Amino acid sequence: MIRKPNSIIDVFPDNATGRKILSVVIKCPSDGCSWTGELRDKEVKLAKTKIISKARWIT
1350 MIRKPNSIID VFPDNATGRK ILSVVIKCPS DGCSWTGELR DKEVKLAKTK
1400 IISKARWIT
């Protein structure tokens, strides 16, 4: 059975690697939204945004 990772920690148990990945800057794919931020802040942004299309996030 293949186990799906629950978090970035499951995929990258090395703290330095995890921090580096979470610090990648992304931007909101929504028309008219100029938000950019670190990957670690994406969930906060999604909670404040009504349009959610996770596949469209751009790094």
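Using my numbering, the first residue of the sequence shown is number 1350, and each one after it goes up by one. Ideal Cβ positions, reconstructed from N, Cα and C, are used throughout, including at glycine. All figures in this text were calculated on a predicted structure; none of them were measured in a lab.
Asked	Found
Please name the residue in T1398, A1396, R1389, K1397 whose C-alpha comes closest to that of I1375.	R1389
By how many angstroms is the C-alpha of I1370 removed from the C-alpha of N1364?	10 Å
Are there 16 or more other CB atoms within 10 angstroms of the CB of C1377, so buried, or fewer, so exposed?	buried
Going along the chain, which residues of its own chain have a beta-carbon closer than 6 Å to the beta-carbon of T1366, five neighbours each way excluded?	none
Where does G1367 sit, in a helix, a strand or coil, going by DSSP?	helix
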